[in-house]
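Student:
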Amino acid sequence: MSELNLILLGPPGAGKGTQAARLREDFGLPYIGTGDLLREHKQSETELGLAAKSYMDNGDLVPDDLVIAMILDKVEEEGQDGFLLDGFPRTIGQSEALARELEGMGRRLTAALLIEAPDEVVIARLSGRRVCSAGHVYHVEDDPPKHEGVCDQDGKPLTRRKDDEPETIRKRLATYHAQTEPLKDYYEERGLLRRFDGTRDVTEVHDHIRATLATLRLEERL
Ligand code: ADP
Ligand code: ADP
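Going from the sequence shown to this note's numbering is simple: count from 1 and add 58.
1) Three-state secondary structure (DSSP) at Val-198?
2) Assign Asp-222 to buried or exposed, taking buried as 16 or more other Cβ atoms, counted over all protein chains shown, within 10 Å of its Cβ.
3) For ligand 1, any of its heavy atoms closer than 7 Å to the Cβ of Phe-141?
4) Identify every residue that forms a DSSP beta bridge with Gly-91.
5) Under a three-way DSSP split, which group does Leu-231 fall into?
6) Let's see if you can read the secondary structure: which residues bound the beta strand (DSSP E) around Leu-251?
7) For a quick check, are the C-beta atoms of Pro-240 and Ile-150 less than 8 Å apart?
8) Here's the rule: buried if 16 or more other CB atoms are within 10 angstroms of the residue's CB, otherwise exposed. What is Thr-233?
9) Could you tell me which residues DSSP puts in a beta bridge with Arg-187?
10) Got a sec? Which residues, its chain only, sit under 8 Å from Ala-269 by beta carbon, not counting five neighbours each side?
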């Protein structure tokens, strides 16, 4: 079967991580979560983590050179037969670096999956988001765990991310609009953009993405 090389795009809180968890199960794709990887580096105080910390805590993007090296290494190591990239690329420079890398490997992107949701929706979602240290995602009202404050999957305590405070949320949204939204045109022009209405419930968004990927796979085999 043809390989799936996918990226997830969309504002913070649109549901990229939530959908990624489902898609990796459906398609057995290696998942490369940029925010999760950066948080691991921060936690273990690597050189990269220490360099990234202040940007992340402020809601700014970590500089391209740091993120590009980290992600392209992962694509080479784990993404040989396909991948699901979440949170990368987030700038035109990152998109171009990914395109060059894939071209060098004789491969190409299958699709850029854009999950859209307006600012007021994502603000409400991020304010209620809770995560465990392994990255499993919940929402206090929309997707609560079975036992309050505890992850269903691994029993770890749920916490609020430091950057899910109101002021940082607004900053991240401004960063998204200024630096990441131009990627919509970039992928649209290349015929790769697929749009999904992220305001629908989790199952509906998931069904739409799965249907689109099934069609893409059929088209590739024709
Ligand atoms: P969200 O899940 O809210 O979309 P992430 O967990 O993907 O946020 O990212 C958290 C933070 O990590 C970002 O605010 C940013 O500081 C940093 N980050 C994540 N992806 C990138 C990227 N591609 N380029 C630069 N910085 C990034
Ligand atoms: P992103 O990775 O794009 O930042 P997440 O997947 O972490 O977004 O989701 C942000 C918050 O919104 C989480 O609390 C999650 O439980 C919730 N959420 C995700 N998708 C939906 C949806 N379709 N409807 C309602 N809440 C959602």
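All C-beta atoms in this analysis are idealised placements derived from N, C-alpha and C, irrespective of residue type, glycine included.
Tutor: Taking the geometry as given:
1) DSSP places Val-198 outside both helix and strand once states are collapsed to three, so it counts as coil.
2) Under this definition Asp-222 is a buried residue.
3) Because no heavy atom of ligand 1 lies under 7 Å away, the Cβ of Phe-141 does not count as near it: no.
4) Bridge pairing for Gly-91: Asp-144 [DSSP].
5) Here Leu-231 sits in helix by DSSP.
6) Its beta strand (DSSP E) spans residues 251-255.
7) Judged by their CB atoms, Pro-240 and Ile-150 are nearer to each other than the 8 Å cut-off.
8) By the neighbour-count rule (16 or more Cβ atoms within 10 Å), Thr-233 is buried.
9) DSSP lists His-197 as the bridge partner or partners of Arg-187.
10) Cβ within range, chain order: n/a, list empty.
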